[in-house]
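Structure record follows, encoded as structure tokens.
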Amino acid sequence: MSRRGENIYKRKDGRWEGRYIAERKNGKAIYKSVYAHTYTEVKQKLQIRKTENKPVAVDNISFEAYAVQWLNTVKLSRKASTYSKYKSIYNLHIKPVISGCQIENISNTHIQNIIDNCSDLSPNIG
């Protein structure tokens with residue numbers, strides 16, 4: 016069977032196993048598994064587990080505070096060059112546009128301004 020890119024495999028005992036990243040500790044992924052008798056059941060279970068692990072934005076927090084907190088998390092779990100690149104992108108393109116906004120007040124207009132700001136710097140392709 017060809018790979019479908021979802022970490023779902025058929026085991027020797029006939030069951031299907033799906034693996035997902037439950038958490039990260041010291042930059043390493045901690046995997047957990049779900050099992051079922053059919054591929055579609057495992058796929059549904061994986062979708063449920065993956066949505067359970069997504070972080071939820073905290074109310075009454077500024078975007079800048081949340082971004083700094085996220086960058087600190089990235090600093091601990093990624094290479095130094097990746098952290099440096101993310102920090103640079105944040106400081107040059109994102110911070111000037113929405114640093115003073117509360118997370119719940121960020122609109123499509125803010126996001127479009129960031130995209131426009133970034134596209135002004137990139138070379139025209141096509």
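Counting in our numbering, the sequence shown runs from 16 upward without gaps. Cβ atoms here follow ideal geometry from the backbone N, Cα and C, with glycine treated the same way.
To which residues of the same chain is residue i closer than 8 Å at the C-beta, ignoring the five residues directly before and after it?
i    : result
T97  : V89
G42  : L91, S92 and R93
H125 : V112, I113 and C116
S77  : S114, G115, C116, Q117 and I118
Apart from the five residues on each side of it in sequence, which residues of its chain come closer than 6 Å, Cβ to Cβ, to residue i?
i    : result
I109 : I129
A44  : I36
C133 : H108
Tell me, which residues are paired with residue i by DSSP?
i   : result
I23 : G33
R93 : Paired residue(s): none; R93 is not in a bridge.
E38 : I45
For residue i, report the span of its alpha helix (DSSP H) as first-last.
i   : result
K65 : Y54 to E67
Could you check where the beta strand (DSSP E) with residue i kicks off and where it finishes?
i   : result
K43 : K43 to A51
If contacts are defined as beta-carbon pairs under 8 Å, then residue i and residue j qualify, I think. What distance do you get, rounded to the angstrom?
i   : j   : result
K60 : E21 : Not really, about 12 Å apart at Cβ, beyond 8 Å.
R64 : V83 : With a Cβ gap of about 29 Å, R64 and V83 do not count as contacting.
Please return the same chain residues whose Cβ sits closer than 7 Å to the Cβ of residue i, not counting the five positions on each side in sequence.
i   : result
E38 : I45
I'd like to know if residue i contacts chain B, where contact means its C-beta is closer than 9 Å to some C-beta of that chain.
i    : result
S114 : As a matter of chain content, chain B is missing from the structure shown, which is built from one protein chain.
Mind listing, in chain order, the continuous alpha helix (DSSP H) runs of no fewer than 4 residues lying wholly within the segment 97-137?
Listed in chain order, they are 110-113 and 123-136.
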